[in-house]
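If you count the sequence shown from 1, position 242 lands on 825 in this note's numbering, and the numbers rise without skipping. Take a look at the structure below.
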Amino acid sequence: MVSTWSRYVSENHLGPAWRFIGNLIGNAHSKGLRYRFDVRKFLVAVLLFTFIGSGMAFAHQPVVLLNTDTTAEKGPLLVDGTVSFAIRASFTKAGQKKAFRAQLKEGEMLSIQYLIVDKKPENTLRMSALPTFVITRPNGSTHTVKLNERTKFYEPFSKVNYFYLGRYNEIAQTGIYKFVIESKAKAGITIGVGDKEIFGEVIRGEVPSPTPTPSSAPAATKSTPEPSVSSTPKAETTAQSGYTMGNVRANNSETSCWSVIGGNVYNLTQWINSHPGGPARIRALCGTDGTSSFSAQHGSRGSPTSTLANYLLGPLIKG
């Protein structure tokens, strides 16, 4: 019994605490001590707990790259690059490209793993025949992930054997990281991003611009004749150092949605139809001080706060 437990601990890379528990119970059982509980049932429970724990440890949220995701701008955006994602990319021939993006803040950790499934043709290809993976930082510098290992592991959550071929970590810069995968042959790979095992937000398409769109100008003019709002929105955004509640209330229509959150003014127009909670959640903030409502919905969670930052116009001028 002890040897079986020790073998299981070793094969599954469990820590010394598990080894101690197994040996303690095994030794006691071998001495004929009586227990009020069934030792076998206890070990089964331990094994189930271990499998469940191991599954969660490797259970990255899957994101499949499409054939149309040929550039980072066309590919999906991981709103919080510290959340764990498993990016799947499959290729049918050499020269194909697939790409995606991830948003990070200065001081956060960019964590990358390059993996393949232990099956043909991937596990028979030389390292040099596998797709290249290039990271472009917000400042424009690049890094090509090196394939310098072949560590096999069993992922119990999906019941699949994988090989780690490369890993890379760095302290992040603030901004959007771009990732491009280019094939050299028919193959499929998985890119692990991040390490926080929580649900993450994924956006497809262009990153929403915080600049008000021209379509908001007519609505603003109809709502109120204030000169600052009826002027060209782009000029207003770049020239003004702040915004009043009058500006915010004026931009409360079908085509324009401004809100005050935490003392700053945001143009939430483009977030209405892409918000995971539905358009009503954003429309409730339009033309008002939405600080309390936003905090009640999202608290201090990183993903919504990071997305909100994309829509910042400037500070609220109180008066």
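Beta carbons are placed, not taken as given, at the ideal position from N, Cα and C, and that holds for glycine.
For residue i, the nearest candidate out of the options (CA to CA)
{"i": "Arg907", "options": "Gln686, Val848, Phe668 and Ser711", "result": "In this structure the chain extends from 584 to 902, so residue 907 is not present and cannot be described."}
{"i": "His881", "options": "His726, Tyr894, His858 and Leu895", "result": "His858"}
{"i": "Thr651", "options": "Phe674, Gly829 and Phe877", "result": "Phe674"}
{"i": "Leu661", "options": "Ala677, Leu748, Met692 and Gly783", "result": "Gly783"}
{"i": "Tyr747", "options": "Pro887, Leu730 and Asn856", "result": "Leu730"}
{"i": "Thr838", "options": "Met692, Arg866 and Asn847", "result": "Arg866"}
{"i": "Ala712", "options": "Thr653, Ser766, Ile670 and Lys703", "result": "Ser766"}
{"i": "Cys840", "options": "Val763, Trp854, Asn847 and Phe668", "result": "Trp854"}
{"i": "Gln644", "options": "Ile718, Met710, Thr725 and Ile774", "result": "Ile774"}
{"i": "Glu656", "options": "Val763, Thr852 and Asn847", "result": "Val763"}
{"i": "Asn847", "options": "Gly658, Pro714 and Gly897", "result": "Gly897"}
{"i": "Val776", "options": "Met710, Val831, Thr871 and Glu691", "result": "Glu691"}
{"i": "Ile718", "options": "Met710, Ala755 and Leu891", "result": "Ala755"}
Distance between beta carbons of residue j and residue i, contact taken as under 8 Å
{"i": "Val728", "j": "Phe716", "result": "4 Å"}
{"i": "Ile786", "j": "Val666", "result": "Actually they are not in contact, since the Cβ atoms of Ile786 and Val666 sit about 13 Å apart, beyond 8 Å."}
Outcome for residue i when other beta-carbon atoms lying within 10 angstroms are tallied against a minimum of 16
{"i": "Leu649", "result": "exposed"}
{"i": "Gly861", "result": "exposed"}
{"i": "Asn850", "result": "buried"}
{"i": "Glu922", "result": "Only positions 584 to 902 of the chain appear in this structure, which leaves residue 922 out of reach."}
{"i": "Asn856", "result": "exposed"}
{"i": "Thr852", "result": "buried"}
{"i": "Val647", "result": "exposed"}
{"i": "Gly845", "result": "exposed"}
{"i": "Ala833", "result": "buried"}
{"i": "Ala879", "result": "exposed"}
Alpha carbon of residue i to alpha carbon of residue j, nearest angstrom
{"i": "Cys869", "j": "Leu895", "result": "14 Å"}
{"i": "Ser694", "j": "Asn893", "result": "23 Å"}
{"i": "Glu689", "j": "Thr757", "result": "4 Å"}
{"i": "Ala672", "j": "Ser889", "result": "26 Å"}
{"i": "Lys779", "j": "Asn835", "result": "37 Å"}
{"i": "Asn722", "j": "Lys761", "result": "11 Å"}
{"i": "Gly749", "j": "Leu708", "result": "15 Å"}
{"i": "Val843", "j": "Ala863", "result": "17 Å"}
{"i": "Glu705", "j": "Val743", "result": "14 Å"}
{"i": "Pro887", "j": "Lys676", "result": "38 Å"}
{"i": "Ser875", "j": "Met828", "result": "16 Å"}
{"i": "Phe668", "j": "Ile759", "result": "16 Å"}
{"i": "Ala822", "j": "Tyr751", "result": "At Ala822 the pLDDT is 38, less than 50, meaning the model places this residue with poor confidence and gives no usable figure here."}
{"i": "Gly825", "j": "Ile900", "result": "6 Å"}
{"i": "Phe877", "j": "Pro659", "result": "25 Å"}
{"i": "Gly664", "j": "Thr725", "result": "17 Å"}
{"i": "Lys703", "j": "Ile670", "result": "19 Å"}
{"i": "Tyr745", "j": "Thr654", "result": "27 Å"}
{"i": "Gly873", "j": "Val831", "result": "11 Å"}
{"i": "Leu891", "j": "Met710", "result": "41 Å"}
{"i": "Arg617", "j": "Pro714", "result": "The predicted position of Arg617 is uncertain, since its pLDDT is 46 and thus under 50; a value taken from the coordinates is nonetheless stated next. If you take the alpha carbons of Arg617 and Pro714, they lie about 59 Å apart."}
Is there contact between the segment 671-685 and the segment 730-738, where contact requires at least three CB pairs shorter than 8 Å? Contact between the segment 671-685 and the segment 730-738 is absent, because fewer than three Cβ pairs lie under 8 Å.
For the segment 770-780 and the segment 696-712, state whether three or more C-beta atom pairs, one from each stretch, are separated by less than 8 Å. Enough Cβ pairs lie closer than 8 Å, so yes.
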